[in-house]
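Below is one structure, written out as structure tokens, with a few remarks after it.
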Amino acid sequence: MNKFFTLALALLVSGHFSTAQNQKISSPRIYRDSADVLYWNKKIPVYVRLSSTPDGVGELLKKEDMSKPSPYYFDTEGPNYIRTRWATDAQGNTISPKKEVLWPVEADGLPPVSRANFLYSKKHVRAEKVYYDGSLRVKLSARDAVSGVDSVMYSMDGNEYGLYTGVIPVPAHGDHVLRMYAIDKVGNTEKAKKGGNRKFFVDTAPPKTTHSVKGPHVDNILSPKAKILLNGTDPDSGLKRIGYGLGTASERNYIQPILLVRQPEGDEKLTYHGEDHVGNKEANNTFNFYLDRTAPVTTFSFDKDEYVSPKNYRFVSGRSQLALSAEDNKAGVAGTTFMLDSEHEEVYGQPVKAKYLSQELHTMYFYSTDKVENREKNKRVSFFVDKTKPVLEFRTSGPSVERKDTVFVRSITKVHLKASDPGKVASGVKSVNYFDNGEEHKYGGPFSFDEPYAHKLKVVVTDQVNNVDDFSKTYFVDDFAPEIFCHFSTEPISEKLYPNHVVLYLAGEDKHVGNDLIYYSINGDAEKLYTHPIRYFKAGKKIRIKIRALDYLGNEAVKTIKFSTEK
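Numbering (mature numbering (1 follows the signal peptide of the UniProt record, and there is no 0)), first residue to last: -20 to -1, 1 to 547.
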């Protein structure tokens, strides 16, 4: 009869589950795959029963040295066999060629091995810590040598374990810990472990960069001497680079302070950003500034009494003050420095007073500096200090006589005013004005007096830097002729008849300057200078004498006398 031997393997299963971040322990189990291969967890005991039918309960076997049935455990990983010596047919005949009868069982006592595969664009290791960019995804896999992998469980950052079903996104910024384990088909459970065997950090935060200015600057106004320093920090994966662009120039890597010495003057724009080791880029920072290359412009001015000659010589008076004034286009004036007559430099604070300077040529050098240290080229102003008043000389052309403090003149006499500016430093005469009995006139050349009698003349002379002096002189206009006097030494014999021995005396009188000369002519003869009395007239003659008297100004009086001498 046909007998069927059924091998029954009994499974004892026990297990427990835990929550939170403790892994779930799977119970040992038996698994038969689609190819009808039987997999047996080595932790499960094995009992052998013999049955004559496929579904019979059968008889439980004992080991030959045992008094009662006891469990058996597979010792070999992988294929295990229950066997008889030789195969027989249904009649019990040994099949030829001889062949063992094997009942295979795949024993599985080892857990699967899981693995985490990190998918990323950027990775960086810093101080033994691994940093990934925000694109990080984690792919889990496992392998099992016998029954095969049933499932993979994972826990992120201490959360409850869950079933791995696909790639795990890890977008959150910060530290992360991935724990995982795998379970095979017969319940062998891997000991939970950290994914990647370490903590890792997802860095999605860009660096932070700042700028600072070293060297001359005022707010956002910079000198070409200034340098721009960029500084970046990234507390996570660390700063990899700083990129910057100045103006329209293409981006560069920041290596050292940015020099401005070759930049043109004007408005400038600096853009910069940081990038960390996992590719996080900061949004552009902008620094708008003005590059100031223009030095201040300093000008000088005298508050009064300044004169520049046609030959471009500059004169000032002792009352003048030299002031310096500076303007700057952008940063503002920091200060003005000057040096007078090659002395030491001084900081300009107030006008220089000419009254403390000697009467000679002076030269001042000066320059200004703005607040970003742009220095003006030296400028120079040279000037003469003239403290001397002008002088005046009175002259006349034509009749004049000076008596004490009065000059007697005639109306035809010309008065000359000769003004001059003396001294080794002379700016020259600017104007001469005179006052004739209080009436002002501008002197334009020699002049005469129309009105007779006294003229009190006051002359005001001003030089080119307004040094002034006044001078006075009294003139008396005398156009009056002298008076002629005739005196005979004897009385006439009769009307206008005199003895021939008569003597004629002549005299002249002038009220102002006095009579100077007397001339006479007898009966048309040549004129003679009267120096002594006239005598020795011819007897019995008609005498006609023409007398001419001149005062010291040339005023002339003419008188004719007629008389006869006896026979």
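We treat Cβ as the ideally placed atom computed from N, Cα and C, and that holds for glycine.
When the alpha-carbon of Leu320 is set against those of Ser338, Gly312, Val313, Asp308, the nearest one is in Ser338. By the Cβ test, the region 247 to 264 is in contact with the region 220 to 236, since at least three Cβ pairs between them sit closer than 8 angstroms. C-alpha of Lys194 to C-alpha of Thr213: approximately 19 angstroms in a straight line.
For the pair Val26 and Tyr61, the CB atoms are not nearer than the 8 angstroms cut-off. Given a length threshold of 3 residues, each whole run of the beta strand (DSSP E) inside the region 229 to 315 is given here in chain order: 246 to 256, 265 to 271, 277 to 282, 286 to 288, 294 to 297, 301 to 307. One Cα belongs to Gly128, the other to Pro187, and the distance between them is close to 46 angstroms.
In this model, Thr442 and Lys359 are separated by some 31 angstroms (Cα to Cα). Closest in alpha carbon position to Ile201, among Ser230, Phe267, Gly146, is Phe267. Check the Cα spacing between Val457 and each of Val440, Phe429, Asp449: the tightest is with Phe429. Buried is the label assigned to Trp20, since at least 16 other Cβ atoms lie within 10 Å of its Cβ. Distance from the CA atom of Val365 to the CA atom of His342, rounded to whole angstroms, is 8 angstroms. Shown here for Ile75: same chain residues with a beta carbon closer than 8 angstroms to its own, the five before and five after excluded, namely Trp66, Ala67, Thr68, Asp69 in chain order. The Cβ-Cβ distance between Leu271 and Gln243 falls below 8 angstroms. Residues Leu210, Arg221, Ile222, Gly223, Tyr224, Tyr252 of the same chain have their beta carbon placed closer than 8 angstroms to that of Tyr234, with the five preceding and five following residues left out of the count. In the structure shown, the three-state DSSP call for Tyr161 is strand. Within the same chain, and ignoring the five residues on either side of Thr184 in sequence, the residues whose Cβ sits closer than 6 angstroms to its Cβ are Gly114, His153.
Excluding sequence positions up to five before and after Ala87, its CB lies within less than 7 angstroms of the CB of Trp20, Lys22, Phe54, Thr56, Glu57, Gly58, Asn60, all in the same chain and listed in chain order. With 16 or more neighbouring CB atoms inside 10 Å of its own CB, Gly89 falls in the buried class.
Restricting attention to beta strand (DSSP E) runs no shorter than 3 residues, the region 362 to 401 encloses them at 371 to 377, 380 to 383, 386 to 389, 394 to 400, ordered along the chain.
In the same chain as Gly254, and ignoring 5 residues on each side of it, the C-beta atoms closer than 6 angstroms to its own belong to Pro187, Thr189, Gly212, Leu219, Ile222, Glu262, in chain order. Residue state for Lys335 is assigned as helix, using DSSP reduced to three classes. Put simply, the backbone Cα of Phe427 is about 8 angstroms away from that of Thr393.
Val352 is the residue among Gly298, His324, Val352, Gln301 whose C-alpha sits nearest the C-alpha of Asn309.
By the neighbour-count criterion, in which 16 or more other beta carbons inside 10 Å mark a residue as buried, Glu170 falls on the buried side. When DSSP assignments are scanned along the region 34 to 66, the uninterrupted stretches of beta strand (DSSP E) that are 3 or more residues long and fall wholly within it turn out to be 58 to 64. Assigned with DSSP and collapsed to three states, Gly225 falls in strand. Between the alpha carbons of Glu507 and Ile514 lies a distance of about 13 angstroms.
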